[in-house]
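Taking this note's numbering, the leading residue of the sequence shown gets 493, the next gets one more, and so forth. Worksheet for the structure shown next.
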Amino acid sequence: MSADGKNILMIIPNLDFGGAQRSFCSLANGLYNRHNVYICVFNAFDGIAYDFQPKVTDLGIPAGRTFFSKIYSLFLRYRSIYRLKKQLNIDTSISYLEGANFLNVLTCRRDRLILSVRGSKYHDPNIKGLTGYLRRKILIPVLYKFADTVVALNKGIERELVQRFGLNPERVKVIRNFYDIALIENLSNQPLENQYQFITESKYIMYSGRLAPEKGLKPVIDCFHHLLAKMPNLKLLMVGDGPIRSDLTHYAKMKGMMVSNGNEPLLQSAASQIYFLGYQDNPYNFLKNASLLLIGSKSEGGPNILFEAMICGTLVISTDCPYGPREIIAGNLKKEVLETSYEGDHGVLLPMLKDENNGEVREWVLTVERYINDVLKANRITARAKKHASQYTAEKILPHWEKIV
């Protein structure tokens, strides 16, 4: 802590294994060197996935399940956060994710309010129905206007906040994530554990991240299924966990593929084609040895795994979803909608699928096959990508946060 720094409260709904949570931790630890930083989490029932230097206050208040219990939980969280701000004499409050952003505004005393918006609110398929209407039409446009600064993760989110939600452009700032590049490189060079060594005997492609509907993972499995007809020894590694893991394993088995779900000994599963490895402490050595990382998301802010693959020297092939991947992979691309794949300076973009359920992924299959086979072309792209990723360090990004806190 610093006696001369500001008292900063950082608020987030949970601290499980998520990209927003990881970036939240990096920022908290970065600011802790110069300020008095305190962490507030709605509840840590699923654990605290990352190592924080600041003290973490767990409110222990779950989300309600019925309408009235939700209102009661909201009240309890409001009261606890307001008291915490008063008790700690908070100068600046930084919140991540929508629920925390709302409560940050509602509990304002005299503190400076900074809201972090991690992804599109207009294109997010999870924002729907009556609650989705209230969030898009009332809560976000009204409450976010009280913030001193709204931090957007990329330029697409910045445009959305200004044009669709009517925020003052002078109060919206783009600040990207930052990474410990030396640490990631070191971890990527560590050998795989013995039980996974056999995987590297064949070529494999990889997905890493949350197993959730918005990640577009059934088309990823469809693409791999078609690839097997041409590359029967190819493997697909699914690193991460989430609510649709069992659905995805069932879907892959329905397609006739051999699946290792991490429950049986992997050494006895060398014949499997898809490996659901769950959460890994070190995904980077898997990533370093992959032919490519395949992202099928319907919406993304600034996927950490995309940058991390670039740091590891692994080719990224991603859907051209709103908004993050295009800005990272092909920032100068002007075409509004892609009908075919596009090779950018730092990776490859795939067209979004019009109907996830029709299994029409021919362009995806042709693109992935092309870059698996053309290693020289892939290496040229990854060399440029690695150089580009090197600028996203704490030393270069944290000063942007210092200006607004």
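For each residue, glycine too, the CB sits at the ideal point set by N, CA and C. Just so we're clear, the structure is a prediction, and the values are computed from it rather than from any experiment.
In its chain, beyond the 5 residues on either side, Y699 and F768 have a beta carbon closer than 6 Å to the beta carbon of M730. Under the Cβ criterion (8 Å, minimum of three pairs), the region 879-890 counts as touching the region 664-671. For the pair N528 and I500, the CB atoms are nearer than the 8 Å cut-off. Of the candidates N646, D603 and Y588, D603 places its Cα closest to the Cα of Q579. With a threshold of 16 other beta carbon atoms within 10 Å, Q513 meets it and is buried. Residue environment: Y776 is assigned as buried (16 or more neighbouring CB atoms within 10 Å of its CB, all protein chains considered). The residues L605, L635, F638 and A639, in chain order, have a CB closer than 7 Å to that of V597 in the same chain once the five nearest residues on each side in sequence are set aside. Contact between I809 and V840 is confirmed by a C-beta separation of about 5 Å, below the 8 Å threshold. In the structure shown, E831 falls within a coil segment according to DSSP collapsed to helix, strand and coil. E831 sits away from P817, with the two beta carbons spaced by 8 Å or more.
The C-alpha of I736 is placed about 27 Å away from the C-alpha of L566. Here Y688 is actually not in contact with D733; their C-beta atoms are around 17 Å apart, not less than 8 Å. In this structure the region 869-883 lies against the region 797-808, because at least three pairs of beta carbons, one per stretch, are closer than 8 Å. In the DSSP assignment, N796 falls within the unbroken alpha helix (DSSP H) covering N796 to C804. Residue pairing by DSSP puts V731 in a beta bridge opposite S700 and G770.
Around the C-beta of M502, 16 or more other C-beta atoms lie within 10 Å, and the residue is accordingly described as buried. Comparing alpha-carbon positions, the option among I563, I864, F559 and A801 lying closest to K722 turns out to be I864. Straight-line spacing of the CA atoms in S572 and P505 works out to 13 Å. Taking a C-beta distance under 8 Å as the contact criterion, G793 and G611 qualify as a contact pair.
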